[in-house]
DNA sequence: CGAATACTTGATTACCTTCAATACGCGTGG
DNA sequence: CCACGCGTATTGAAGGTAATCAAGTATTCG
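See the structure below:
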């Protein structure tokens, strides 16, 4: 029964993923975290760790002591709602992935993941013209999509063949945004990017 | 773009599920909520609704105005952490379902869902001797497991044939807890039932 | 009591997995 | 500079789990 250290991770560069594994060792990614995210902010209130974190490709992370977070929340009470909201958005991303894994076939699933990444990276200035760096290997994509690495390969091949994407040496471009978006049924509402705070 | 009403649901009796649907109409349940749960507490901080709620069988629910929740949090500051933690546990349940749907085959998936239900209902006194009421129909189970209703039927048949469960007229019994638990790789750690609050 | 929904089972199909073998890319060292 | 080695990517063939199609039975509900 692992217990979290009294600190959380902050992603500074690169992409980090949270995941869980079955006892048989099969791995399922829960979400990707981009620079600025705190993948395990939940550990502030849940002492027992129920998922793991790993780097996807090279990345740089920082650590924040929980005490420091608590202190700043006491100093600025509105911060608590901000952090809380952040964990709620994380949960919303996981739910969308769940729909993806449970009810879309591999082709749409992959398209959806790529649309999400492009959109999120664009927001933080790491993507423009529907192009970004895709640091993850095919086995890592497989863990995010709930399929096998071999099938990831075939799915990417199909997406390329359909002209929806280009992917060469870690460089992803999504062509004709509306096409992939439709294939993926991608609707960014679940990312809660707008300033749609309640009240 | 749906916007939530300024209130949340409280489950009083029965089971409620949160779910999302693809544009093609395929439905994936995110979690089940038992009496005492607040399935959409997240709407306190996320104005835009990204999932839906529906009753699973007959149930009784109440509503709480967000203003009332905010008021009580101001009156009792420790409440904020309690509610926040509650949303974090909800997220943990969704993550476990994600692992279930993405990386376990139907048989283990079903066993896992049943183990979770029995465990959670036991905690609130709605199950004893590994027996409980199972209000959901097979199509509803299918939505929770990411499979088809037909396959739910076959999977239940197999579980019965293996002697792991009995299910007749909405009454579920899990025999020999260790067997199903092993088949499902069920480890209740993710339910955060202990008083494992951080700090 | 009739219609609608849920359950059950068989036959066929399809998506994805598994197994296997080969090719590619890239950093290292001869 | 090129050979080597390792991780990653690619492709083929065969197999399996679950989906789809279909038809009949049982239950529930109005």
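Residue numbers (the numbering used here), protein chains in the order written: chain A, 14 to 212; chain B, 14 to 212. Yeah, the Cβ is synthetic: ideal placement off N, Cα and C, and Gly gets one too. Predicted model, so just to flag it, every value in this text is computed and none were measured.
Query: Just to check my reading of the structure: residue 123 of chain A and residue 70 of chain A have Cβ atoms closer than 8 angstroms, yes? What is that Cβ distance to the nearest angstrom?; Result: About 18 angstroms separates the two Cβ atoms, so there is no contact after all.
Query: Can you give, in chain order, each stretch of the beta strand (DSSP E) that sits fully within the stretch 47–84 of chain A and has at least 3 residues?; Result: 65–78
Query: Between which two residues does the beta strand (DSSP E) containing residue 233 of chain B stretch?; Result: Missing from the structure shown is residue 233 of chain B; chain B here goes from 14 to 212 and no further.
Query: Can you say whether residue 49 of chain B is buried or exposed, counting buried as having 16 or more other CB atoms within 10 angstroms of its CB?; Result: exposed
Query: Starting from the N-terminal side, write out each stretch of the beta strand (DSSP E) that is 3 residues or longer and does not extend beyond the stretch 114–182 of chain A.; Result: 144–146, 178–181
Query: Measuring alpha carbon to alpha carbon, tell me which residue in B:164, B:192, B:145, B:170 is nearest residue 185 of chain B.; Result: B:145
Query: At a CB-CB cut-off below 8 angstroms, which residues of chain B make contact with residue 159 of chain A?; Result: 114, 115, 116
Query: Taking residue 156 of chain B as the reference, give the member of A:170, A:117, A:164, A:96 with the closest Cα.; Result: A:117
Query: With a 10 Å radius around its C-beta and 16 neighbouring C-beta atoms as the bar for buried, classify residue 165 of chain B as buried or exposed.; Result: buried
Query: Pull up the DSSP beta-bridge partners for residue 100 of chain A, would you.; Result: DSSP lists no partner for residue 100 of chain A.
Query: Can you name the start and end residues of the beta strand (DSSP E) that residue 187 of chain A belongs to?; Result: 184–187
Query: Give me the residue from B:147, B:121, B:21 with the minimum Cα distance to residue 182 of chain B.; Result: B:147
Query: How would you label residue 115 of chain B, buried or exposed, when you count the other beta carbons within 10 angstroms and need 16 or more for buried?; Result: buried
Query: Taking 8 angstroms as the CB-CB limit, is residue 64 of chain A close to chain B?; Result: yes
Query: Any C-beta of chain B within less than 7 angstroms: which residues of the stretch 165–199 of chain A qualify?; Result: 198
Query: Got a sec, what are the start and stop residues for the alpha helix (DSSP H) residue 193 of chain A sits in?; Result: 191–197
Query: I need the DSSP call for residue 39 of chain A, collapsed to helix, strand or coil.; Result: coil
Query: Could you name the residues of the stretch 89–114 of chain B whose beta carbon sits closer than 8 angstroms to any beta carbon of chain A, in the order they occur along the chain?; Result: 93, 94, 97, 98, 100, 101, 102, 103, 104, 105, 107, 108, 109, 110, 111, 112, 114
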